[in-house]
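Enquirer: Residue numbers (the working numbering), protein chains in the order written: chain A, 34 to 191; chain B, 34 to 191. Note that beta-carbon positions come from the ideal geometry of N, C-alpha and C, so glycine has one too. This structure is a prediction, so every number in the text was calculated from the model and none was measured. Questions regarding the structure given below will be posed in turn.
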DNA sequence: GAACGATACGTTATATTGTATCCTTCGTTG
DNA sequence: CAACGAAGGATACAATATAACGTATCGTTC
Ligand SMILES: [Zn+2]
Ligand SMILES: [Zn+2]
Ligand SMILES: [Zn+2]
Ligand SMILES: [Zn+2]
């Protein structure tokens, strides 16, 4: 079917394997449409808004794509841990720590827009402790630090 | 003028004093419209969306209020530290630690919607350290933990 | 292979959240 | 009062996200 042969951003074997593995673990189906969205995000390697992503996909596939379609694919990618959603900017970013599913923390540069995904078990432990002290049962934690990345901080010193 | 005499939610002296103090510090003007929005939020003491707030104010004042108006008042309240914005739910909550301006962390109950504002200097220090290790210059940190509050966690044990 | 239920996809419309623009009003200051 | 800048109001619009409904595809069972 023509639809499924639509152009897709190139996707390194590494990422395809990762996606296949996650789907196998979680009993999810890895369809061409889902893979196309993932590939498009990986082609940028930066945080994109849902509507930016729609634009990119429409350009690549030369057809209209409804918002709902992309939101469903994003839901899937987030469910499987392949993509994170940045709450403070309402953007989406492919996971950069593909070894295992995880909680992440993010450093967002307000100058260049770069996002650094970090993992600190110490931080997670501390958050757990804080919640526990208050009888709160944590499910997941959003940690997003805004500021200047190293490169931008240096530039600013003029 | 009739407009300024419109009904306003009752506002305890404590909060009015706080608002006056913050405005004096920051050279901001505490107008009746601004105070009315603050009072409306304090009357709920829970996180509300901007449009919920518009509805509440329209009902109270018996007139139409444009979104931009409320967003400007929210900007003011956030600038002065009287209100926080919860990034993960796009809602707004009056500050519960009025002693000084601060970074906060939030525990959001996904069952009852209650939000607990906590302050942990340990957490702030750790976040600083994490950023520092990566050459990142932090400006502000969003920390929002979703889960079940004590009361809801107990209920769920049926 | 046919029937079936579950999951995924497509289409249209709509809800929710947030801004741009332009003009008016208010409060201060000279 | 005149001039100025901050605040407020009205209208329109942009950006983000979901609802509702039907169709297609996949995987299983018979
Ligand atoms: Zn990750
Ligand atoms: Zn930067
Ligand atoms: Zn606070
Ligand atoms: Zn609760």
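Mind pulling the chain A residues with CB within less than 9 Å of residue 108 of chain B?
Expert: Neighbours of residue 108 of chain B on chain A: none; closest Cβ ~16 Å, over 9 Å.
Enquirer: In or out: residue 40 of chain B buried (at least 16 other Cβ within 10 Å) or exposed?
Expert: It is exposed - the Cβ of residue 40 of chain B has fewer than 16 other Cβ atoms within 10 Å.
Enquirer: Check residue 40 of chain A in the structure and name its three-state DSSP category.
Expert: Note: residue 40 of chain A maps to coil in three-state DSSP.
Enquirer: Indicate whether the contact test is met: 3 or more Cβ pairs, each with one atom in the stretch 73-86 of chain A and one in the stretch 112-125 of chain A, closer than 8 Å.
Expert: Taking 8 Å as the limit for Cβ pairs, the verdict is that the stretch 112-125 of chain A does touch the stretch 73-86 of chain A.
Enquirer: Using only alpha-carbon positions, find the residue among B:100, B:132, B:90 that is nearest to residue 48 of chain B.
Expert: Of the candidates B:100, B:132, B:90, the one whose C-alpha sits nearest the C-alpha of residue 48 of chain B is B:132.
Enquirer: What is the DSSP secondary structure of residue 180 of chain A, reduced to helix, strand or coil?
Expert: Note: residue 180 of chain A maps to strand in three-state DSSP.
Enquirer: Quick one: give me the first and last residue of the beta strand (DSSP E) that residue 56 of chain B is part of.
Expert: Element bounds for residue 56 of chain B: not the beta strand (DSSP E) but the alpha helix (DSSP H), 46-59.
Enquirer: What residues of chain A sit near residue 182 of chain B, judged by a beta carbon separation below 7 Å?
Expert: Result: 169.
Enquirer: Looking only at C-alpha atoms, which of B:172, B:186, B:71, B:44 sits nearest to residue 164 of chain A?
Expert: Of the candidates B:172, B:186, B:71, B:44, the one whose C-alpha sits nearest the C-alpha of residue 164 of chain A is B:186.
Enquirer: May I have the straight-line CA-CA distance separating residue 97 of chain A from residue 53 of chain B, to the nearest angstrom?
Expert: Spanning the two alpha carbons is a distance of roughly 53 Å.
Enquirer: Go through its chain and collect everything with a Cβ distance to residue 91 of chain B's Cβ below 8 Å, but skip five positions before and after it.
Expert: Result list for residue 91 of chain B: 97, 98, in chain order.
Enquirer: Measure the beta-carbon distance from residue 155 of chain B to residue 159 of chain A and round it to whole angstroms, keeping in mind my assumption that it falls under 8 Å.
Expert: Right, the Cβ-Cβ distance comes to about 6 Å (below 8 Å), so this counts as a contact.
Enquirer: Using the beta-carbon of each residue, which ones in chain B are nearer than 9 Å to residue 165 of chain A?
Expert: Correct list: empty, because the minimum Cβ distance to chain B is about 10 Å.
Enquirer: Is residue 162 of chain A near residue 151 of chain B, with beta carbons less than 8 Å apart?
Expert: Cβ atoms of residue 162 of chain A and residue 151 of chain B: not closer than 8 Å.
Enquirer: If distances are taken between C-alpha atoms only, which option among B:109, B:69, B:100 comes closest to residue 93 of chain B?
Expert: Of the listed residues, the one whose Cα sits closest to residue 93 of chain B is B:69.
Enquirer: List the residues that DSSP assigns as beta-bridge partners of residue 174 of chain B.
Expert: In the DSSP output, where bridge partners are listed per residue, residue 174 of chain B has A:178.
Enquirer: Closer than 6 Å by C-beta to residue 67 of chain B: which residues in its own chain qualify, once you throw out the five before and the five after it? Chain order, please.
Expert: Excluding residues within five positions, the ones whose Cβ falls inside 6 Å are 106, 109.
Enquirer: Assuming residue 170 of chain B and residue 180 of chain A make a contact with CB atoms under 8 Å, what is their CB distance in whole Å?
Expert: Sure, about 5 Å apart at Cβ, within 8 Å.
Enquirer: Step through the CB atoms of chain B and report whether any lies within less than 8 Å of the CB of residue 177 of chain A.
Expert: Yes, residue 177 of chain A counts as interfacial toward chain B.
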